[in-house]
Each structure stands twice: as C-alpha cells, then as structure tokens.
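Engineer:
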Amino acid sequence: MSAPARARQAAMYVLGRCRRHGAWTAQTLSAATEKFGLDRRDAALCARLCRTVLQNESICDYAIDCWSSVRSRRLEPAVRNALHLGLCQLLLMDRIPDSAAVGESVELVRRAGCARASGLVNAILRKAAAEGAFPEPPGAGTAKYISVRHSLPLVLCEQLTERYGYDFALGFAEASNKEAPLCLTVNRLRTDINSLVKELAADGVRSNLDARFPDSLFPENLGPIGDNAAFRAGKFYVQDAAAAFAVRAADPKSGMRVLDGCAAPGGKSFLSAILMGDKGEIISCDKQGKKLHLVDEGAKRLGLHIISTHPMDAGNPDPAFEGAFDLVFADVPCSGLGVLRRKPEIRSRKPEEISALPEEQLRLLRGLAGCVRPGGMLLYSTCTVTAEENESVIEAFLRNNEDFVPEAFSLPDGNVVSNGMHRLWPHVEGTDGFFMCRMRKREV
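For the sequence shown, the numbering used here gives the first residue as 15, with consecutive numbering after it.
In structure tokens form, the structure reads like this:
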C-alpha cells in the first residue's frame, strides 16, 4: 500500500471512530498515525482529509442525495465515509488527481468489506468529477441554506440569523470552515514579542502581530511545536488570542491570590502568572485531576513558580477556598461552537447534550463565586457563541447573587465594554468564538 493510500485508510479509521463512538479527532489522529505508520507528511494529509470531511458532512450528504437513488443516510457507514472522503478530495482539495480520489475511494470500500457498493461509489464520484462543484442547496438567504452548505447545526444557524442577520450568520459559518491559525502567547518573563519574532525568523519562521492582542503572535510555518528551541526554552505556549484576551479583561496583578476553577491545560493560569510577574499565588483546579499534569508541566517549562494544582469540582469547592481569592476564573465546559474550525467533530454533538450544559455551567459559576473575596473579581468565560450558554447563564446567576455586579472594561482599541460582557468572533476578530463576563463582588 502506498503512503497516500495509508493516509486515506487512516482517515477512514478516524472518521469511523469519531462518528461511531464520538471520539475526539486530535486523540484519534494520533492513534491512527501510529497504527498506520504514517510519516509527518502523510499524517498531515490524514488530518486534512478528516478535518475537511467533518467540516462538510451536510453538503456531502446533499450531493449524494442529488446524484444517487440511494439516500446518504441509508448507506453503510463505511460506504458513506469513503464517499465523503472522495467528494472532499475532488471538490475541495487541490493537488489530488481525480483518478486517485475516485480509485482510492473505491478501494477503501472494498477493503471495508463493502465491495458490492463499489459501483455506486464509482458512479457518484465520477459525477462529482464531471460537475466540478457541489450542487447548490435550495433556500439561499435562509438559515437552512447555511446549515446545509456549511454543515452547521440548523438550530445554531437559526439563532445567529435571528439575532444578528443572515450575512453575519453566513460569515460565521464560512469562517468556521476555514483552517484556524496557530496562535502563541508570549512569555514576557523570558523574552518580549519582538525578540521572539526575530528568534523565530532566524529559524525561517514568518510571524504576524495584531495590536488588538498584545500577548499573541501568529506564526505561519512553525512546524512541530516540540522541535522548536524557543518553545523548549519556555518563551511561548499555544493559546488562542481570544483566551488571552479574556485574561487581560480580568486584569490579574502582582501579589494577587487567583483561582483558576476549570484550568486544564492551563493557558489562563500561565498568562495570569506572567502578567503578575510571577508574584502572588495561583491555584489551578480541574475536576479531571489526571489533566492537571499538563498544568504542572507547562508551568515548569515556562519557569512559573506561583502556580500549584488541586483536583476539585468547581461546583463544590474546597471549603478552605470560601471568600479567599482576589480573582476567580470560571472558564466553564461548553458546547465549543466557537471553536468549530479547530474541533470539527463538535458539529455532531447531540442536541440534548448541548441543552443540558447551561444548568451545569450555572452550577459551576455559583460554586466558584463563593471563592471570591468581597471586592474581588469573577471572570466567566466560554468558547461558545449562543446566548443560552452565555448571557442567559449570567442573568440567572445575577438574579440570585446580588452581591455581584458586571463591571466595565476597556478593549485595546479604547472602546469600553460598559455591561461587562463581550464576544469575539472568528469572522470579525479572527479569533476563536469566545464570550466573557467580568463581575465584581461588592464590598461588605
């Protein structure tokens, strides 16, 4: 089997695991790379294939339904996966010959034990190659069109269209299907951003800066992170600019006592320690204690000494933490609809899973609020974009916690967020979709 063929076979394996078992793409890709013996180049092809398919599931199914008498949802999973891989190679990916996309997809079906479907797969993919583009879904100008064309949950498209308008919703959908840029947060205790740009440039890495995000750097061709000398020296870590922006909004200062309630893998704790000059105390907690080693290892590499870790359910904090912190981060688990471009498998989350989240988010927020001292700060944040997980959670919290009040903060451009709540969008700011709310606890 050729190396590209192994990459396609690995992609079939990843898609099967993600769709059948709800596995996370990143972990499954790592397992597939080892299982199929992929080198760096073919692992990258496998990852690109999987990401493209998961980002375009609905339009692939629509094309199958247009070009076949057999409905997409009636196909065996392996046949559907192979067709999706073939369609995406033919219609969305460059530098892959049509003959390879068609022939390898047919072979994938045969290897999966579905040889009887090889004729169907061949016919559909040859039709796609002849057409050169996906068929246009009906209903242009509607949320339904966005949902099918860009493979987003219909309810999300309806909510965005109703609240912000069609063009805004379409912009979000298009941005959510683009590859997310790598973003680094600079460790200012070991370097400065301009020096890091020069150091990376000496290794042939081009970088971009954005004045709106003073802690962030956007490299274009960094390569494997672990191979980079500046990374090993603790001069940066990976964190999207939106998450770094939320830390800035919380305004951690030297000497503070800070609690990061849902901390792993540690990005907010790290930037807080950096902005505090590594002076004060940060306790980084997570319900899944097994993830806290990521915080410990990251802090050690970055040379941050004020961070300690503590396994804890944020909704039921350690009694010793009551009223004990100047600043508390409540970066709660969410639907992740703001990071669809990084985690395309999120599109397939069951609606009942998402609808159960606000209750849990409110529980965690209430638990962590009890850890804020009078006069202290509480920063609620999510990487999702719906009001149900953001404003509605804040409103429900404030109704029964009158000792907290939203507090204004300034944006880098000088504008002020007067109600303490702010969103970032992938198609507006270029960051992950992100929500934050800054609240001050009244003095006694």
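We put the CB at the ideal spot given by N, CA and C, even for glycine.
Every value quoted in this text rests on a predicted model; they were computed, and no experiment measured them.
Relative to the C-alpha of Ser-16, which residue among Ala-287, Ser-283, Glu-121 and Gly-127 is closest?
Structural biologist: Counting from 1 along the sequence shown, the entry for residue 16 is found at position 2. Minimum Cα distance to Ser-16 is reached at Glu-121.
Engineer: How is Gly-390 classed by DSSP in three states: helix, strand or coil?
Structural biologist: For the purposes of this step, residue 390 is taken as residue 376 along the sequence shown, with counting starting at 1. Three-state DSSP puts Gly-390 in a strand.
Engineer: Flag Leu-168 as yes when its Cβ comes closer than 7 angstroms to any non-hydrogen atom of the ligand FMN, and as no otherwise.
Structural biologist: No copy of the ligand FMN occurs in the structure displayed, which carries no ligand at all.
Engineer: Could you tell me how far apart the beta carbons of Arg-363 and Ser-349 are, in whole angstroms, since I believe they sit closer than 8 angstroms?
Structural biologist: Taking the first residue of the sequence shown as 1, we reach residue 363 at position 349. Taking the first residue of the sequence shown as 1, we reach residue 349 at position 335. Confirmed, Cβ separation roughly 7 angstroms.
Engineer: What does the alpha-carbon distance come out to for the pair Leu-273 and Val-261?
Structural biologist: Reading the sequence shown from its first residue, position 259 is the one you call residue 273. Reading the sequence shown from its first residue, position 247 is the one you call residue 261. Approximately 12 angstroms, taken between the alpha carbons.
Engineer: Where does Met-26 sit, in a helix, a strand or coil, going by DSSP?
Structural biologist: By 1-based counting over the sequence shown, the position of residue 26 is 12. Looking at Met-26 - three-state DSSP - the assignment turns out to be helix.
Engineer: According to DSSP, which residues form a beta bridge with Thr-323?
Structural biologist: The sequence position of residue 323 within the sequence shown is 309, counting from 1. Answer is Ser-298, bridged to Thr-323.
Engineer: Which residues mark the beginning and the end of the alpha helix (DSSP H) in which Arg-355 is found?
Structural biologist: For the purposes of this step, residue 355 is identified with residue 341 of the sequence shown, where counting begins at 1. Counting along the chain, Arg-355 falls outside any alpha helix (DSSP H), and DSSP gives it neither H nor E.
Engineer: Who pairs with Arg-454 in a beta bridge, going by DSSP?
Structural biologist: Locating residue 454 in the sequence shown gives position 440, counting from the first residue. Arg-454 pairs with Met-391 and Val-419.
Engineer: Tell me which residue opens and which closes the alpha helix (DSSP H) that Thr-42 is part of.
Structural biologist: As a working mapping, residue 42 is identified with position 28 in the sequence shown. It spans 39 to 49 - the alpha helix (DSSP H) in which Thr-42 sits, taken as one unbroken run.
Engineer: Taking Gly-381 as the reference, give the member of Ala-328, Phe-418 and Arg-315 with the closest Cα.
Structural biologist: Numbered from its first residue, the sequence shown carries residue 381 at position 367. Per the Cα distances, Ala-328.
Engineer: Mind checking whether Ala-25 and Leu-68 have CB atoms under 8 angstroms apart?
Structural biologist: Against the sequence shown, residue 25 aligns to sequence position 11. Against the sequence shown, residue 68 aligns to sequence position 54. It is not a contact, given that the beta carbons lie outside the stated cut-off.
Engineer: On the three-state DSSP scale, how would you describe Ala-263?
Structural biologist: Here the question's residue 263 lines up with position 249 in the sequence shown. In this structure, Ala-263 counts as helix in the three-state DSSP scheme.
Engineer: Which residue's Cα is closest to the Cα of Ser-432: Pro-440, Trp-439 and Phe-423?
Structural biologist: Mapped onto the sequence shown, residue 432 falls at position 418. Measuring from the Cα of Ser-432, the nearest candidate turns out to be Phe-423.
Engineer: Near Trp-81, which residues of its chain fall below 6 angstroms by C-beta distance, leaving aside the five closest residues on each side in sequence?
Structural biologist: For the purposes of this step, residue 81 is identified with residue 67 of the sequence shown, where counting begins at 1. Ile-138 and Lys-141, listed in sequence order.
Engineer: Looking only at its chain, what residues have a beta carbon closer than 7 angstroms to the beta carbon of Val-93, apart from the 5 residues adjacent to it on each side?
Structural biologist: As a position in the sequence shown, residue 93 is number 79, starting the count at 1. Once the five neighbours on either side are set aside, the close Cβ partners of Val-93 are Val-123, Cys-128, Ala-131 and Val-135.
Engineer: On the CB-based measure, 16 or more other CB atoms within 10 Å of its CB, does Lys-293 come out buried or exposed?
Structural biologist: Here residue 293 refers to the residue found at position 279 when the sequence shown is read from its first residue. Lys-293 should be labelled exposed.
Engineer: Hey, would you say Gly-280 sits closer than 8 angstroms to Gly-248, going by beta carbons?
Structural biologist: Here residue 280 refers to the residue found at position 266 when the sequence shown is read from its first residue. Here residue 248 refers to the residue found at position 234 when the sequence shown is read from its first residue. No.
Engineer: Could you pull the start and end residues of the beta strand (DSSP E) that His-307 belongs to?
Structural biologist: Within the sequence shown, numbered from 1, the residue matching residue 307 stands at position 293. First-last for His-307: 306 to 316, but that is the alpha helix (DSSP H), not the beta strand (DSSP E).
Engineer: Alpha carbon to alpha carbon, how far is Gln-23 from Asp-53?
Structural biologist: Taking the first residue of the sequence shown as 1, we reach residue 23 at position 9. Taking the first residue of the sequence shown as 1, we reach residue 53 at position 39. Rounded to whole angstroms, Gln-23 to Asp-53 spans 14 angstroms at the Cα level.
Engineer: Does the separation of the CB atoms of Met-391 and Ile-408 fall below 8 angstroms?
Structural biologist: Numbered from its first residue, the sequence shown carries residue 391 at position 377. Numbered from its first residue, the sequence shown carries residue 408 at position 394. Contact: no.
Engineer: Helix, strand or coil: how does DSSP classify Leu-231 here?
Structural biologist: As a position in the sequence shown, residue 231 is number 217, starting the count at 1. If DSSP states are grouped into helix, strand and coil, Leu-231 belongs with the strands.
Engineer: Would you report the Cα separation of Arg-163 and Met-326, rounded to the nearest angstrom?
Structural biologist: Locating residue 163 in the sequence shown gives position 149, where the first residue counts as 1. Locating residue 326 in the sequence shown gives position 312, where the first residue counts as 1. Distance between the alpha carbons of Arg-163 and Met-326: 42 angstroms.
Engineer: Is it buried or exposed for Ala-5, if we count other Cβ within 10 angstroms and need 16 for buried?
Structural biologist: Any question about residue 5 goes unanswered here, given that the chain covers just 15 to 458.
Engineer: For Val-458, does the count of other Cβ atoms within 10 angstroms reach 16, so buried, or fall short, so exposed?
Structural biologist: The residue you call residue 458 lines up with position 444 of the sequence shown. Looking at its Cβ environment, which holds fewer than 16 other Cβ atoms inside 10 Å, Val-458 is exposed.
Engineer: Who pairs with His-35 in a beta bridge, going by DSSP?
Structural biologist: As a working mapping, residue 35 is identified with position 21 in the sequence shown. Per DSSP, none; premise fails for His-35.
Engineer: So, Phe-227 versus Ala-255, is the Cβ gap smaller than 8 angstroms?
Structural biologist: Along the sequence shown, read from residue 1 onward, the residue named residue 227 stands at position 213. Along the sequence shown, read from residue 1 onward, the residue named residue 255 stands at position 241. Against a cut-off of 8 angstroms, the Cβ pair of Ala-255 and Phe-227 comes out as a contact.
Engineer: Select from Ser-72, Ala-243, Ser-369 and Val-419 the residue whose C-alpha is nearest the C-alpha of Gly-389.
Structural biologist: The residue labelled residue 389 in the question sits at position 375 within the sequence shown. Checking every option, the nearest Cα to that of Gly-389 belongs to Val-419.
Engineer: When you compare the CB positions of Ser-83 and Ser-161, do they come within less than 8 angstroms of one another, or not?
Structural biologist: Your numbering for residue 83 matches position 69 in the sequence shown. Your numbering for residue 161 matches position 147 in the sequence shown. No, they are not a contact pair.
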